[in-house]
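Participant:
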């Protein structure tokens with residue numbers, strides 16, 4: 001039984017008392033910001049349209065679009081589990097954000113929605129991300145770079161497709177992510193018993209075909225680490241006018257070809273004691289290739305000895321620019337994956353159904369996309385380059401008292417909220433009068 005009054009230790013001569021009579025108070029008033037962004041782009045509405053509602057319409061209480069908003073906004077607000085919604089369904093900030101004024105769906109209803117997802121739903125959801133990507137450009141760009149990378153999601157139960165991966169040293173899934181800049185294009189769940197490049201060729205082909213339907217003159221660049229240096233992918237890029245900048249694992253033939261340049265780097269280090277890194281370009285043909293390709297070697301020699309790295313490219317730019325400015329820029333993608341995995345709970349793949357776990361990656365991806373659309377309105381502010389987790393902490397997790405009647409919903413935030421000036425300006429940009 002909950003006591004009517006809580007008594008804390010006094011502060012000087014003042015007693016500190018607390019009770020539960022404050023009315024409707026939320027810690028997520030900032031979800032209304034995501035609501036405004038979502039209204040502009042109709043992301044959750046369009047995502048809900050990818051689902052097939054097989055319920056008896058006479059028995060339906062919660063609409064699919066509302067439940068999809070509830071889940072995406074919940075992930076954005078820091079609530080990763082369906083169990084959280086047993087209490088969260090009564091939160092009036094979330095209700096207002098989703099467009100409801102009554103109790104939202106519980107965990108069981110949301111679970112049934114997720115378990116109804118199939119392969120076709122996932123395909124349509126990805127196509128929606130691709131359409132949204134196209135819509136964010138007023139005119140076709142001259143060039144876009146498609147970054148491919150995989151990561152691990154630990155698996156602790158009896159989920160389907162569970163395998164032990166020797167590299168990560170645990171049972172896991174191995175999703176593939178594709179980004180173009182900060183735009184998420186693919187979050188594709190895979191088992192971990194295959195290599196990084198599994199299905200990458202097929203996904204690249206689908207993406208290129210889709211993009212060229214709208215941007216026929218745009219130069220497309222495929223970029224990935226050495227795990228994506230596969231003959232089939234490179235040959236397909238050559239035959240379809242797709243450029244590539246891909247890492248390449250070192251081998252004795254590459255090291256032999258780069259040896260004259262590495263000897264000079266070593267001589268410099270031995271003479272000065274300083275670490276030196278240079279780039280060296282040469283043509284190379286592996287046995288499985290039908291033609292020679294350009295290789296850029298990053299040659300470094302320091303106290304630990306030689307440390308060569310190799311990149312293969314279809315572009316004949318200057319070596320330093322190609323390696324440091326073009327290839328190494330793919331490292332920013334790691335931060336985007338961290339947003340997905342650490343801040344937006346893409347790793348909550350605990351369902352015993354494969355497509356449900358894939359759907360949860362999609363929900364995380366759409367929560368990320370909402371934050372990116374919000375970020376557009378944060379240019380030239382301190383929030384512009386913050387991670388999704390930091391944006392949530394500063395703009396979404398805002399405490400407020402909610403007073404609701406038939407005419408008005410009042411959200412009363414604290415006078416000491418440290419970002420009230422920035423929040424006020426953001427709302428004016430989102431909801432112009």
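Residue numbers (full-length UniProt numbering): 1 to 433. Glycine included, each C-beta is placed from N, C-alpha and C at the ideal position. Here the structure is a predicted model, which is why all the values come from computation and not from measurement.
Find out if the Cβ-Cβ distance for the pair residue 355, residue 117 is shorter than 8 angstroms.
Facilitator: The residue labelled residue 355 in the question sits at position 355 within the chain shown. The residue labelled residue 117 in the question sits at position 117 within the chain shown. Closer than 8 angstroms, so yes.
Participant: Apart from the five residues on each side of it in sequence, which residues of its chain come closer than 6 angstroms, Cβ to Cβ, to residue 18?
Facilitator: Counting from one through the chain shown, the residue named residue 18 turns up at place 18. Only 6 meet the Cβ criterion.
Participant: Verify whether the separation of the beta carbon atoms of residue 269 and residue 302 is less than 8 angstroms.
Facilitator: Your numbering for residue 269 matches position 269 in the chain shown. Your numbering for residue 302 matches position 302 in the chain shown. Against a cut-off of 8 angstroms, the Cβ pair of residue 302 and residue 269 comes out as a contact.
Participant: Excluding five sequence neighbours on each side, which residues of the same chain lie with their C-beta closer than 6 angstroms to the C-beta of residue 277?
Facilitator: Here residue 277 corresponds to residue number 277 of the chain shown, with the count starting at 1. Cβ neighbours of residue 277 beyond the five flanking positions: 300.
Participant: Quick test of the definition: if touching needs 3 or more C-beta pairs under 8 angstroms, does the segment 357–374 touch the segment 36–44?
Facilitator: The segment 357–374 is in contact with the segment 36–44.
Participant: Report the rounded CA-to-CA distance for residue 392 versus residue 398, giving the unit in angstroms.
Facilitator: Walking along the chain shown from the start, residue 392 turns up at place 392. Walking along the chain shown from the start, residue 398 turns up at place 398. Their backbone Cα atoms lie some 9 angstroms apart in a straight line.
Participant: Should the segment 324–343 be regarded as contacting the segment 248–261, the criterion being three or more beta carbon pairs within less than 8 angstroms?
Facilitator: No: fewer than three Cβ pairs fall under 8 angstroms.
Participant: Report the rounded CA-to-CA distance for residue 267 versus residue 273, giving the unit in angstroms.
Facilitator: If you number the chain shown from 1, residue 267 lands on position 267. If you number the chain shown from 1, residue 273 lands on position 273. So the two alpha carbons sit approximately 10 angstroms from each other.
Participant: With H, G and I counted as helix, E and B as strand and the rest as coil, what does DSSP make of residue 104?
Facilitator: Here the question's residue 104 lines up with position 104 in the chain shown. Looking at residue 104 - three-state DSSP - the assignment turns out to be coil, as it is neither helix nor strand.
Participant: If you scan the segment 34–94 from start to end, which runs of the alpha helix (DSSP H) of 4 or more residues do you find wholly inside it?
Facilitator: Runs found: 43–48, 64–76 and 85–88.
Participant: Mapping the DSSP letters down to three states, classify residue 400 as helix, strand or coil.
Facilitator: For the purposes of this step, residue 400 is identified with residue 400 of the chain shown, where counting begins at 1. Strand, per DSSP.
Participant: When we look at the beta-carbon of residue 440 and count the other beta-carbons within 10 Å, is it buried (16 or more) or exposed?
Facilitator: Residue numbering for the chain in the displayed model covers 1 to 433; residue 440 lies beyond these limits and cannot be assessed.
Participant: How far does the alpha helix (DSSP H) with residue 332 in it reach, from first residue to last?
Facilitator: As a working mapping, residue 332 is identified with position 332 in the chain shown. Element bounds for residue 332: 332–338.
Participant: According to DSSP, simplified to helix, strand and coil, what is residue 148?
Facilitator: As a first step, residue 148 must be located in the chain shown, where it is residue number 148. Residue 148: strand per DSSP, three-state reduction.
Participant: State the CB to CB distance for the pair residue 94 and residue 396, rounded to an integer number of angstroms; the pair is presumed to be in contact (CB under 8 angstroms).
Facilitator: Translated into positions along the chain shown, residue 94 becomes position 94. Translated into positions along the chain shown, residue 396 becomes position 396. Not confirmed; about 11 angstroms, so no contact.
Participant: For a quick check, are the C-beta atoms of residue 346 and residue 371 less than 8 angstroms apart?
Facilitator: Residue numbering aside, residue 346 sits at position 346 when the chain shown is read from its first letter. Residue numbering aside, residue 371 sits at position 371 when the chain shown is read from its first letter. Not closer than 8 angstroms, so no.
Participant: What's the gap between the Cα of residue 315 and the Cα of residue 333?
Facilitator: For the purposes of this step, residue 315 is taken as residue 315 along the chain shown, with counting starting at 1. For the purposes of this step, residue 333 is taken as residue 333 along the chain shown, with counting starting at 1. Straight-line Cα distance between these residues: approximately 21 angstroms.
Participant: With a cut-off of 8 angstroms on the beta carbons, I'd call residue 159 and residue 352 a contact; round off their distance for me.
Facilitator: Position 159 of the chain shown holds residue 159. Position 352 of the chain shown holds residue 352. Sure, about 6 angstroms apart at Cβ, within 8 angstroms.
Participant: Could you tell me how far apart the beta carbons of residue 223 and residue 145 are, in whole angstroms, since I believe they sit closer than 8 angstroms?
Facilitator: By 1-based counting over the chain shown, the position of residue 223 is 223. By 1-based counting over the chain shown, the position of residue 145 is 145. Indeed, because the Cβ distance is near 5 angstroms, the residues count as touching under 8 angstroms.
Participant: Taking residue 202 as the reference, which of 230, 217 and 362 has the closest Cα?
Facilitator: For the purposes of this step, residue 202 is identified with residue 202 of the chain shown, where counting begins at 1. Among 230, 217 and 362, the Cα nearest to that of residue 202 belongs to 230.
Participant: What distance in whole Å lies between the Cβ atoms of residue 247 and residue 196, which are believed to be in contact at a cut-off of 8 angstroms?
Facilitator: In the chain shown, residue 196 corresponds to position 196, counting from 1. In the chain shown, residue 247 corresponds to position 247, counting from 1. So it is not a contact: roughly 11 angstroms between Cβ atoms.
Participant: Among residues of its own chain, excluding the 5 on either side of residue 107, which ones have a beta-carbon nearer than 7 angstroms to its beta-carbon?
Facilitator: In the chain shown, residue 107 corresponds to position 107, counting from 1. So the qualifying residues of the chain are 82, 83, 85 and 86.
Participant: Does the structure place the segment 121–136 close enough to the segment 55–67 that three or more beta carbon pairs sit under 8 angstroms?
Facilitator: Short answer: they don't touch.
Participant: Which complete alpha helix (DSSP H) runs does the segment 350–405 hold, if anything under 4 residues is left out?
Facilitator: List check, alpha helix (DSSP H) in window: 354–376 and 388–391.
Participant: May I have the straight-line CA-CA distance separating residue 25 from residue 183, to the nearest angstrom?
Facilitator: Reading the chain shown from its first residue, position 25 is the one you call residue 25. Reading the chain shown from its first residue, position 183 is the one you call residue 183. Taking the straight line from one Cα to the other gives about 34 angstroms.
Participant: Starting from residue 183 and walking both ways along the beta strand (DSSP E), at which residues does that stretch end?
Facilitator: The sequence position of residue 183 within the chain shown is 183, counting from 1. Unbroken beta strand (DSSP E) run through residue 183: 183–188.
Participant: Quick one: which unbroken beta strand (DSSP E) runs of 3-plus residues sit fully inside the segment 204–271? Chain order, please.
Facilitator: With a minimum length of 3 residues, the continuous beta strand (DSSP E) runs that stay inside the segment 204–271 are 219–224 and 243–248.
Participant: Tell me which same chain residues have a C-beta within less than 8 angstroms of the C-beta of residue 110, skipping the five on either side of it?
Facilitator: To locate residue 110, count along the chain shown from 1; it is residue 110. Only 67, 70, 71, 82 and 85 meet the Cβ criterion.
Participant: Over the uninterrupted beta strand (DSSP E) stretch that includes residue 458, give me the two end residues.
Facilitator: No information on residue 458 is available, as it lies outside the stretch 1 to 433 that the chain covers here.
Participant: Rounded to whole angstroms, what's the CA-CA distance from residue 240 to residue 133? Just pull it up for me.
Facilitator: Counting from one through the chain shown, the residue named residue 240 turns up at place 240. Counting from one through the chain shown, the residue named residue 133 turns up at place 133. Computed Cα separation, rounded: 22 angstroms.
Participant: With a Cβ-Cβ cutoff of 8 angstroms, do residue 176 and residue 194 count as a contact?
Facilitator: For this step, residue 176 is matched to residue 176 along the chain shown. For this step, residue 194 is matched to residue 194 along the chain shown. Contact flag unset, no.
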